[in-house]
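**Student:** The structure's right below; bear with me while I get my questions together.
There are 2 protein chains.
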Amino acid sequence: MIQPRPRTIPEATVARLAVYLRVLTALADGGRSTVASGELAAAAGVNPAGLRKDLSHLGPCGVRGVGYEVRTLRDRISRVLGVERSRACVLVGIGNLGSALADYAGFGSRGFEFVGLFDAAPARVGQRIGGHTVRAMDELEDVVAATQASIGVITTPAEVAQPVCDRLAAAGVRSILNFAPVTLAAPPGVDVRKVDLSVELQVLAFLGQQRQVLPVEEPA
Amino acid sequence: MIQPRPRTIPEATVARLAVYLRVLTALADGGRSTVASGELAAAAGVNPAGLRKDLSHLGPCGVRGVGYEVRTLRDRISRVLGVERSRACVLVGIGNLGSALADYAGFGSRGFEFVGLFDAAPARVGQRIGGHTVRAMDELEDVVAATQASIGVITTPAEVAQPVCDRLAAAGVRSILNFAPVTLAAPPGVDVRKVDLSVELQVLAFLGQQRQVLPVEEPA
DNA sequence: GCGACTTTGTTCCTGCGTTCACAAGCGGCT
DNA sequence: AGCCGCTTGTGAACGCAGGAACAAAGTCGC
C-alpha cells in the first residue's frame, strides 16, 4: 500500500501513450464518446492486450463491457505525460532541419514551445522563423536562464554538437534531443535522446534487402 | 554447417551497425588502422561486450590481442548493410521537413540517392532543392517505375499520408519511412518505419519530469 | 623459444517487453 | 430480477535484448 501505482512507467509504454494521446484527440474532435481497446489498438498499430497493459499503468480507467471514455482517457494521459503545462524549449542550429522543426506546428499543439532559436552564422541571426527571431549563440545562456528552458534540441553539424551540448547542460537544460549524427556525452542528470535519420533509412534498406533474400517469411 | 552464419540479424543490432559504420568511417578518414572494441564502443556509446556480440553476427573479423582493422571492418559492415550500391529513394511532401531531408548531405554519403521529389502544391512544383526539381504528383508512378526506386519517404501532412502510402506501395516501393504523425497501413510485403518527432520530445519531457519526482536514482 | 599480457568471441544469466489466455465486472435484454 | 454477451484488467509464459564473466588466441617482450 506504500505505492499502489509504482512510479516507474516503462519507456516503451510512454512512447505508445503519446501515440494513443494523438489518436484519442482525433477521436474526441470527431465527437466520439467511447472507444474499445481493439479499435484504439488498431488505430495505433499495436496489440490490444499490450494497449490495455499500457493503460493499466495509469490505474483503472475503463468500463468493462463498454470501453474507455475518450475525453477522460485523453485527459488522464495528458496529465501523466505532463502535456498540461507548456514546456520551454531552445533549438540550436537553424539549418534546413532546424528551420523545419521551428516551423512545425505539431510541437506547439503538444505543449512544447520554442523560446529561443540560436545559430552561429551571423547571416542567420535576425531571421524570423516560425514566429521567432534567430539569436546569436552569445545569448544562449541568458535565454535559458531567463525562460527556465528544460529542453534543448540540437540540429547543428556534427562537429559542433558536443560543445553545444556542453553549453546547454551547463546552462541548466536537463533534457536534450540530438539530431546530429554523433554520440553525445552529457553530465549525469542530463538525458540525451538521439534521432538519427540516416540510421532509420539504413535499417529500412537492410530489412528490404533481407526480405529480398528470404522471399517470404510465412509458410503454410 | 547448413548456415554457419544465420541470416537473421536482430533489428537493434542493425541500427547499431550503422552507428559503428559512421564511427569507423571517421576513424579511417583520420588514418587510423586498428581499433579495439573498448574504444569503438565508447565512441558509439554502447557496451563493449554488446559491440563484440553485434560484430559476431558478421563472423570473426577481429584479431585477438590487437583489435579490429578499421578499413576491413568498415567494408564488411558496408557490405552487410548494403551500402555498397546506391539506393534510389523518392520523397513525397516538400514542406519544411521534406526540403530539409532532400538537402541533407548525410544521405548521399550513405548510399541513398533521391531520384524524385514530389509535392501536390502547384506552387512548389518546379522548385529546385538539393540538386533536384520538385515534380507534380502525377509523375509519381512513372518515376518510381523508371528508376526502380525501392524506398519512399513521406513528409506530407497527416491527412494525405495514407493515400500517398497506398500509391507508393502500388507503384512498387517496398520500404517506406513515414514522418507523418499517423499510423500507416500497408499491404504485406511493404515495410513501414515511423519516425515521430513529437513522440520523441514527449518521451524526453516525461523522463525529465519523472526524474524531477525521483530526485536521484543512484544511492550509495 | 617461451611466458605473459591483451583482446576477441562466446556463454550464461538476469531483466524487460510482448503476447496469450482467463477471470472479473458491467451494461443490456428478457 | 436474472441471465448473457462484451470488454477490461491481470497473471503467466515466451522470446529477446543487455551485461558480466570466462576461455581461446594471437602478439609483444625477454
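Here the protein sequences come in this chain order: A and B. Take the first sequence: its letters are residues 1 to 220, numbered as in my numbering. Take the second sequence: its letters are residues 1001 to 1220, numbered as in my numbering. Heads up, the beta-carbon is just placed ideally off N, CA and C, and yes, glycines get one too. Note that the coordinates shown come from a computational prediction; the quantities given were computed from them, not determined experimentally.
Tell me the rounded alpha-carbon separation between Pro4 of chain A and Gly82 of chain A.
**Tutor:** Because the pLDDT at Pro4 of chain A is just 44, under 50, the model does not fix this residue reliably, and the value given afterwards should be weighed accordingly. The straight-line gap from Cα to Cα measures roughly 20 Å.
**Student:** Might you give, ordered along the chain, the residues of its own chain that have their beta carbon closer than 7 Å to the beta carbon of Leu101 of chain A, omitting 5 neighbours on each side?
**Tutor:** Counting only Cβ-Cβ distances below 7 Å, and skipping sequence neighbours, we find Leu91, Val153, Thr155.
**Student:** Determine the direct distance from the alpha carbon of Gly1038 of chain B to that of Ala169 of chain A, and round the result to whole angstroms.
**Tutor:** Roughly 26 Å separates the two Cα atoms.
**Student:** Say whether chain A places a C-beta atom closer than 8 Å to the C-beta of Thr1156 of chain B.
**Tutor:** Not one chain A Cβ lies under 8 Å of Thr1156 of chain B.
**Student:** Can we count Glu69 of chain A as close to the ligand ATP, meaning its CB is less than 7 Å from some heavy atom?
**Tutor:** Among the components of this structure there are no ligands whatsoever, and the ligand ATP is therefore not found.
**Student:** With a Cβ-Cβ cutoff of 8 Å, do Ala15 of chain A and Val1203 of chain B count as a contact?
**Tutor:** For Ala15 of chain A and Val1203 of chain B, yes; Cβs fall inside 8 Å.
**Student:** Applying a beta-carbon distance threshold of less than 8 Å, which residues of chain B neighbour Tyr104 of chain A?
**Tutor:** The answer, in chain order, is Asn1096, Leu1097, Leu1197.
**Student:** Just grab the DSSP bridge partners of Ala1183 of chain B for me.
**Tutor:** Residue identity differs from the one stated: residue 1183 of chain B is Thr in this sequence, not Ala. Its beta-bridge partners do not exist; DSSP assigns none.
**Student:** Where do the N-terminal and C-terminal ends of the beta strand (DSSP E) with Glu84 of chain A fall, by residue?
**Tutor:** Where Glu84 of chain A is concerned, there is no enclosing beta strand (DSSP E), given that its DSSP letter is neither H nor E.
**Student:** Strictly below 8 Å CB to CB, what residues from chain A border Ala1145 of chain B?
**Tutor:** Within chain A, no residue comes near Ala1145 of chain B; the closest Cβ sits about 17 Å away, beyond 8 Å.
**Student:** Rounded to whole angstroms, what is the Cα-Cα separation between Val1070 of chain B and Leu1027 of chain B?
**Tutor:** For Val1070 of chain B and Leu1027 of chain B, the distance between alpha carbons rounds to 7 Å.
**Student:** Who are the Cβ neighbours of Arg85 of chain A in its own chain at under 6 Å, not counting the five residues just before and after it?
**Tutor:** Nothing listed; no residue qualifies.
**Student:** Strictly below 9 Å CB to CB, what residues from chain A border Glu1011 of chain B?
**Tutor:** Within chain A, the residues near Glu1011 of chain B are Val203, Phe206, Leu207.
**Student:** Have a look at Leu1201 of chain B and Arg79 of chain A and give me their C-alpha separation to the nearest angstrom.
**Tutor:** Rounded to the nearest angstrom, the two C-alpha atoms are 16 Å apart.
**Student:** Can you tell which of B:Ser1109, B:Arg1087, B:Ala1044, B:Leu1021 has its C-alpha closest to the C-alpha of Gln209 of chain A?
**Tutor:** Among B:Ser1109, B:Arg1087, B:Ala1044, B:Leu1021, the Cα nearest to that of Gln209 of chain A is on B:Arg1087.
**Student:** For chain A, is any of its Cβ atoms less than 8 Å away from the one on Phe1118 of chain B?
**Tutor:** No, Phe1118 of chain B does not count as interfacial toward chain A.
**Student:** Output, in chain order, the set of chain A residues within a Cβ distance shorter than 9 Å of Arg1193 of chain B.
**Tutor:** Those within 9 Å of Arg1193 of chain B in chain A are Glu200, Leu201, Val203, Leu204, Leu207.
**Student:** Could you tell me the alpha carbon to alpha carbon distance between Ile129 of chain A and Phe107 of chain A, rounded to whole angstroms?
**Tutor:** So the two alpha carbons sit approximately 14 Å from each other.
**Student:** Look up Thr1133 of chain B in the DSSP assignment and say whether it is helix, strand or coil.
**Tutor:** If DSSP states are grouped into helix, strand and coil, Thr1133 of chain B belongs with the strands.
**Student:** Please list, in chain order, the residues of the stretch 164-179 of chain A that have any C-beta partner in chain B closer than 7 Å.
**Tutor:** Residues Arg174, Ser175, Leu177.
**Student:** Determine the burial state of Gly1031 of chain B: buried for a count of at least 16 other Cβ atoms within 10 Å of its Cβ, exposed for fewer.
**Tutor:** Label assigned to Gly1031 of chain B: exposed.
**Student:** Shortest alpha-carbon distance to Gly50 of chain A belongs to which of A:Ala149, A:Tyr20, A:Val182, A:Leu197?
**Tutor:** Closest option to Gly50 of chain A, Cα to Cα, is A:Tyr20.
**Student:** Spell out the partners DSSP gives Tyr1068 of chain B in its beta bridges.
**Tutor:** According to DSSP, Tyr1068 of chain B bridges with B:Val1035.
**Student:** In the structure shown, what three-state DSSP assignment does Ala1088 of chain B receive?
**Tutor:** If DSSP states are grouped into helix, strand and coil, Ala1088 of chain B belongs with the strands.
**Student:** Pairing CB atoms from the stretch 166-183 of chain A with CB atoms from the stretch 136-145 of chain A, are three or more of them under 8 Å?
**Tutor:** With the cut-off at 8 Å, the stretch 166-183 of chain A and the stretch 136-145 of chain A touch.
**Student:** According to a CB-to-CB cut-off of less than 7 Å, which residues of the stretch 1014-1039 of chain B neighbour chain A?
**Tutor:** Hits within the stretch, in order: Val1014, Ala1015, Ala1018, Val1019, Arg1022.
**Student:** Which residue marks the beginning of the beta strand (DSSP E) containing Leu1024 of chain B, and which one marks its end?
**Tutor:** Unbroken run through Leu1024 of chain B is the alpha helix (DSSP H), 1011-1029; no beta strand (DSSP E).
**Student:** Is Thr183 of chain A close to chain B, meaning its C-beta is less than 8 Å from at least one C-beta of that chain?
**Tutor:** Yes, its Cβ sits closer than 8 Å to a Cβ of chain B.
**Student:** Pick helix, strand or coil for Asn96 of chain A, following the three-state DSSP scheme.
**Tutor:** Looking at Asn96 of chain A - three-state DSSP - the assignment turns out to be helix.
**Student:** Helix, strand or coil for Asp196 of chain A? Go by DSSP, reduced to three states.
**Tutor:** Correct three-state label for Asp196 of chain A: coil.
**Student:** Here's a check: name, in chain order, each residue in its chain whose Cβ is nearer than 7 Å to the Cβ of Arg1076 of chain B, leaving out the five neighbours to either side.
**Tutor:** Closer than 7 Å at the Cβ level, and outside the excluded window around Arg1076 of chain B, lie Leu1058, Cys1061.
**Student:** Tell me whether Ser1056 of chain B is buried or exposed, calling it buried when 16 or more other Cβ atoms sit within 10 Å of its Cβ.
**Tutor:** Exposed is the call here.
**Student:** Can you name the start and end residues of the alpha helix (DSSP H) that Asp1119 of chain B belongs to?
**Tutor:** No alpha helix (DSSP H) contains Asp1119 of chain B, which is instead part of the beta strand (DSSP E) from 1112-1119.
**Student:** Taking C-alpha atoms, which residue in A:Ser33, A:Ala41, A:Lys53, A:Ala44 lies nearest to Val66 of chain A?
**Tutor:** Among A:Ser33, A:Ala41, A:Lys53, A:Ala44, the Cα nearest to that of Val66 of chain A is on A:Ser33.
**Student:** Run the CB neighbour count on Arg1135 of chain B, radius 10 Å, all protein chains shown included, and call it buried at 16 or more, exposed below.
**Tutor:** Per the 10 Å Cβ criterion, buried.
**Student:** How far does the alpha helix (DSSP H) with Ser1056 of chain B in it extend, from its first residue to its last?
**Tutor:** Its alpha helix (DSSP H) spans residues 1048-1056.
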